[in-house]
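Visitor:
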Amino acid sequence: MNEIFARRSIRKFLPTMVEDEKIEQLLRAGMAAPSAGNQQPWEFYVVRDKRVIQDLSHCSPYAGCAAGASLAIVVCSRDENMRFPAFINLDLSAAVENILLEAVHLDLGAVWLGVAPYKAREVLVRRSLGVPKGLTPFAIVAMGYPQATAEEKPREDRYDPSRVHYV
């Protein structure tokens, strides 16, 4: 539970590289996500090349913070032979959330940058990474060691009992 309540979107990073063993743990966390019918529709691109990360930072108006990340994990969907294609985005969202929570556990900072359902973003990511036909870019998780900033606010308690309904 600590990671759930400590998680926040981090957009400023130190230039320190993320270690291989931490990257593997992040990917293991992503692949541990539940998926409809256990279809596991994910493919992951691990991006360390600063030039490619810079390209990815231009894929949307909100992705500029990725330029300072030492690592990006691009989550893509496999589009063929899926038993439950209507649930692919739900499955991928669970994988991204697992990666974000594992990043907190590993003392990394991360931010989820949406790609899908915007075709223009998908095209830019596809071009930057050389994503082949049959895979569709879904999200970018930019990450690295967080840079402490003076403007950091304490984590707010988002619990709202007015949104809870007992039946």
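Residue numbers for the sequence shown, in the working numbering: 17 to 183. A virtual CB, placed ideally from N, CA and C, is assigned to each residue, including glycine.
Classify I26 as helix, strand or coil using the three-state DSSP reduction.
Guide: DSSP places I26 in coil when its eight states are reduced to three.
Visitor: Just list the residues that DSSP pairs E59 with in beta bridges.
Guide: Partner(s): C92.
Visitor: Between I115, S144, S178, which has its C-alpha nearest K38's C-alpha?
Guide: The shortest Cα separation from K38 among I115, S144, S178 belongs to I115.
Visitor: Measuring alpha carbon to alpha carbon, tell me which residue in V34, A155, V63 is nearest V127.
Guide: Of V34, A155, V63, the residue nearest in Cα terms is A155.
Visitor: Can you name the start and end residues of the alpha helix (DSSP H) that E84 belongs to?
Guide: Looking at the sequence provided, one finds Gly at residue 84 rather than Glu. G84 -> no alpha helix (DSSP H), and no H or E assigned at all.
Visitor: Would you grab the beta carbon distance between I89 and F60 for me? Rounded to a whole angstrom, and I think it's under 8 Å.
Guide: Their Cβ separation, rounded to whole angstroms, is 6 Å, which keeps I89 and F60 in contact under 8 Å.
Visitor: I'd like the list of long-range same chain contacts for Y78, defined as Cβ closer than 7 Å, with 5 residues on each side in sequence excluded.
Guide: The answer, listed in chain order, is L129.
Visitor: Does any CB atom of chain B fall closer than 8 Å to the CB of F103?
Guide: This model lacks chain B altogether, as it is built from one protein chain only.
Visitor: Whole alpha helix (DSSP H) runs in the region 128-152 with 4 or more residues, listed along the chain?
Guide: Counting only runs of 4 or more, we get 135-145.
Visitor: Tell me the DSSP bridge mates of A126?
Guide: Partner(s): S25, M159.
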